[in-house]
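Read through the structure below, which is laid out as structure tokens, and then see the notes.
In the UniProt record's numbering, the protein residues as written are 1 to 804.
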């Protein structure tokens with residue numbers, strides 16, 4: 001072969017070899033890039049958990065695999081995959097399942113012999129007096145053996161693993177997550193050594209050692225009949241060492257055994273509240289010389305007949321042609337939304353208004369004058385009375401018991417009682433012919449309540465057209481009737497304004513009076529339906545709070561607003577699902593513009609609510625379940641639920657400390673005095689008190705309700721459906737309003753809800769035997785049981801499915 005040809009062939013071979021090498025490199029590089037991309041994608045996938053009927057399905061993004069973990073601990077991990085203990089895989093799996101128990105405790109336990117992964121569950125222990133216990137899991141009861149029951153107390157929230165026996169599932173307790181034994185009532189049963197027994201729990205027969213006593217408790221005054229509040233200090237003691245003992249600390253003294261006020265005192269002292277009213281030295285009215293005399297204005301009050309702490313009085317004046325405009329004014333402290341002329345009047349039909357020297361915006365037709373009691377004039381910031389008010393923050397109106405915020409002598413001196421001259425802050429709110437707001441101004445004044453009237457009196461007169469005795473008041477009966485008719489006309493205009501602006505509200509409808517015997521037990525509940533004129537006053541107070549908030553905001557006066565931020569983020573999808581369900585299945589054609597909204601602003605929400613108002617007010621109340629909570633804040637951020645751009649509390653300074661703070665700064669602004677910034681610590685405490693008030697009232701009410709119903713065990717009750725849940729129907733007794741439940745299943749031993757019951761939780765309805773039941777429907781029921789204050793009713797329509 002020619003040398004040149006050979007050289008060319010060799011060069012070509014080398015070129016081909018290089019090309020092959022480069023192609024292989026490119027291929028490998030491409031594959032590596034793909035692997036990197038795949039790996040990157042896998043790493044960016046998030047872990048997730050799907051809840052199955054008998055366990056969980058866990059996806060681990062790191063491994064791009066799904067693992068099934070059942071409650072019976074049958075999820076096997078093979079030795080080929082990973083080492084069983086202390087491995088990355090198990091750590092990742094454990095971390096991914098933290099959310100099942102809210103991240104508190106979730107430790108993987110390994111059985112090396114069978115290489116099983118036990119996922120710890122969380123539940124509440126319910127101890128039977130016979131010594132064993134159950135943990136409720138997915139509507140079923142998991143048995144806890146006596147040997148393990150002895151390691152915990154009733155209602156402990158525990159983490160546990162679930163095993164199986166021939167007779168069913170068995171729980172093995174691993175740890176205590178939390179417990180309810182914080183400031184619980186207990187009776188002292190031994191002084192040396194100091195021991196207690198708990199009241200109102202399944203552990204009532206157990207004696208516990210007291211190892212700590214709060215310094216405010218005088219141990220020398222304790223007897224074996226003393227009731228105290230106690231807290232468990234070592235909840236895991238027996239799990240760590242079964243021979244150890246539970247120990248408690250005494251937090252507070254309550255009363256002696258047999259005190260009829262025990263229930264009320266114990267609940268108040270759980271939140272370190274005082275339990276008695278007080279009196280303090282009364283300061284003189286420091287603003288007396290700055291007040292204008294408005295005692296001739298014919299103010300009236302409408303309240304419950306027995307009310308003694310009268311916060312507010314009202315007057316509605318309808319401007320007539322006889323009332324003459326005598327000039328124009330330019331008052332910088334009269335608030336109007338839009339620039340308008342301010343007019344001075346000579347009020348011929350109500351001459352006493354002339355003393356107020358009002359600046360009335362043009363186009364005004366109605367003047368709503370609201371006089372608010374001014375207790376702040378009788379005590380200074382930092383005084384003994386102020387410290388008491390800061391401690392309590394509000395008057396507690398509990399069943400058959402009242403704890404007043406203010407000292408009782410200050411209450412007496414500031415309450416707007418009939419025909420008594422009293423210091424007040426008076427708001428003059430102006431409205432046009434259609435009850436649209438036109439302006440607002442205030443006067444620091446002395447006023448006189450000319451007639452203290454009741455809801456029953458005024459409702460009988462205006463709506464039942466009954467003859468009512470209106471004699472003995474500070475003004476003639478004919479004048480009272482005329483004032484009430486002006487108030488009714490204004491109220492009707494405001495209701496139409498609410499309809500026109502999609503701002504309808506549900507006013508409170510009823511209240512109960514609890515009759516308590518000498519032992520402190522409830523023997524009767526008398527329902528009190530709030531009459532029609534209660535709505536009159538509610539509307540006037542809502543208006544005062546709303547427009548006062550706008551005033552405070554406009555003039556940058558430091559105050560506390562009451563904000564509500566709308567539907568919870570997590571509830572928007574559920575809200576849409578509810579709206580879509582009503583549109584598609586109930587043919588609410590008016591809802592069509594509002595289905596599948598990605599955002600539900602305040603205007604759309606209130607348009608939807610107005611549709612419900614027109615259909616059924618019960619539905620309007622039920623959409624409130626999607627709403628977030630309200631809170632007090634120094635910054636105005638609207639009240640979504642009421643549909644208002646600002647809202648505050650300013651009508652009850654005798655009963656709420658928020659109102660005292662707002663009233664002090666409002667007065668200072670009007671009188672050209674220095675205002676004070678809102679104390680952040682007090683603001684936080686006020687928000688906390690909202691929850692404590694609800695807890696105290698609910699606890700006392702539930703106990704009294706149960707006492708009352710226990711006297712009527714064989715009685716038939718008429719109840720109204722208030723909610724439809726997945727496992728039960730929530731109802732309330734029509735007569736007393738007592739809430740309760742009807743369970744679809746006759747007991748936890750029943751595996752499934754009978755096929756005859758078709759429940760739609762979204763639409764809040766269920767079908768039984770071909771009939772549809774929903775909110776507001778009435779049922780005839782009997783009392784099945786009362787368990788720790790929880791009322792459970794029995795309904796024959798369901799009982800027939802089980803041959804009960």
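All C-beta atoms, glycine included, are put in the ideal place defined by N, C-alpha and C. As the structure is a prediction and not an experimental result, all values here were calculated from the model.
Exercise. How is residue 605 classed by DSSP in three states: helix, strand or coil?
Worked result: helix
Exercise. Taking Cβ to Cβ, would you say residue 753 is nearer than 8 Å to residue 744?
Worked result: yes
Problem set entry | Own chain partners of residue 723 with C-beta closer than 6 Å, once the 5 adjacent residues on each side are dropped | 730
Exercise. CB residue 300 to CB residue 449, shorter than 8 Å?
Worked result: yes
For this session: With DSSP as the reference, label residue 105 as helix, strand or coil.
Result: Bear in mind that a pLDDT of 33 at residue 105, under 50, signals an unreliable position, so the number given afterwards is only what the model happens to contain. Coil at residue 105, not helix or strand.
For this session: Identify, in the order they occur along the chain, each residue of the same chain with its Cβ nearer than 6 Å to the Cβ of residue 178, setting aside the five sequence neighbours on each side.
Result: 157
Exercise. Just curious, the beta strand (DSSP E) that residue 391 is in, first and last residue?
Worked result: Residue 391 -> not in any beta strand (DSSP E); alpha helix (DSSP H) instead, spanning 384-392.
Exercise. Terminal residues of the continuous alpha helix (DSSP H) containing residue 458?
Worked result: 455-462
Exercise. Would the beta-carbon of residue 373 fall within 8 Å of that of residue 135?
Worked result: no
For this session: Determine, using beta carbons only, whether residue 768 and residue 756 come nearer to each other than 8 Å.
Result: yes
Problem set entry | Residues that DSSP places opposite residue 124 in a beta bridge | 157
Exercise. Does DSSP classify residue 565 as helix, strand or coil?
Worked result: coil
For this session: Measure the CB-CB distance between residue 574 and residue 596 and report whether it falls below 8 Å.
Result: no
Problem set entry | For residue 305, three-class secondary structure by DSSP | coil
Problem set entry | Of the listed residues 580, 444, 272 and 383, nearest to residue 251 (C-alpha basis) | 272
For this session: Out of 305, 218 and 542, point me to the one whose CA is closest to residue 505's CA.
Result: 542
Problem set entry | Element boundaries [alpha helix (DSSP H), containing residue 706] | 680-710
For this session: Kindly give me the distance between the Cβ atoms of residue 721 and residue 775, rounded to whole angstroms, as I take these residues to be in contact under 8 Å.
Result: 6 Å
Problem set entry | Host alpha helix (DSSP H) of residue 722 (start-end) | From DSSP, residue 722 is part of no alpha helix (DSSP H) but of the beta strand (DSSP E) over 716-724.
For this session: Flag this pair as touching only if the stretch 339-355 and the stretch 304-324 have three or more C-beta atom pairs under 8 Å; answer yes or no.
Result: yes
Exercise. Out of curiosity, what's the CA-to-CA distance linking residue 794 and residue 625?
Worked result: 26 Å
Problem set entry | Minimum C-alpha distance to residue 284 - residue among 242, 234 and 377 | 377
Exercise. Which ranges does the beta strand (DSSP E) cover as unbroken runs of at least 3 residues, wholly within the stretch 199-226, from first to last along the chain?
Worked result: 207-213
Problem set entry | Where the alpha helix (DSSP H) through residue 540 begins and ends | 532-554
Problem set entry | Own chain partners of residue 403 with C-beta closer than 6 Å, once the 5 adjacent residues on each side are dropped | 396
Exercise. Between which two residues does the beta strand (DSSP E) containing residue 576 stretch?
Worked result: Looking at the DSSP string, residue 576 is not in any beta strand (DSSP E); the run it does join, the alpha helix (DSSP H), is 572-585.
Exercise. Any contact of the stretch 420-436 with the stretch 482-496, i.e. 3+ C-beta pairs under 8 Å?
Worked result: yes
Exercise. Who are the near neighbours of residue 415 in its chain, counting only those whose CB is closer than 7 Å to its CB and skipping five residues on each side?
Worked result: 308, 309, 310, 373 and 654
For this session: Tell me whether residue 662 is buried or exposed, calling it buried when 16 or more other Cβ atoms sit within 10 Å of its Cβ.
Result: buried
For this session: Taking only heavy atoms of the ligand FMN into account, decide whether any of them is closer than 7 Å to the Cβ of residue 575.
Result: For the structure depicted, the ligand FMN is absent and the ligand set is empty, with no information on it obtainable.
Problem set entry | Beta-carbon contacts of residue 466 that lie in its chain and below 7 Å, excluding the five residues immediately before and after | 460
Exercise. Measuring CA to CA, which of 152, 173 and 679 is closest to residue 181?
Worked result: 152
Exercise. Using 8 Å as the Cβ pair cut-off and three pairs as the minimum, do the stretch 474-486 and the stretch 511-522 touch?
Worked result: no
Exercise. First and last residue of the beta strand (DSSP E) that includes residue 269?
Worked result: That residue, residue 269, is in no beta strand (DSSP E); its alpha helix (DSSP H) goes 262-269.
For this session: Give me the Cα-Cα distance between residue 581 and residue 590, rounded to the nearest whole angstrom.
Result: 13 Å
For this session: Would you mind sorting residue 451 into buried or exposed? The rule is 16 or more other CB atoms within 10 Å of its CB.
Result: buried
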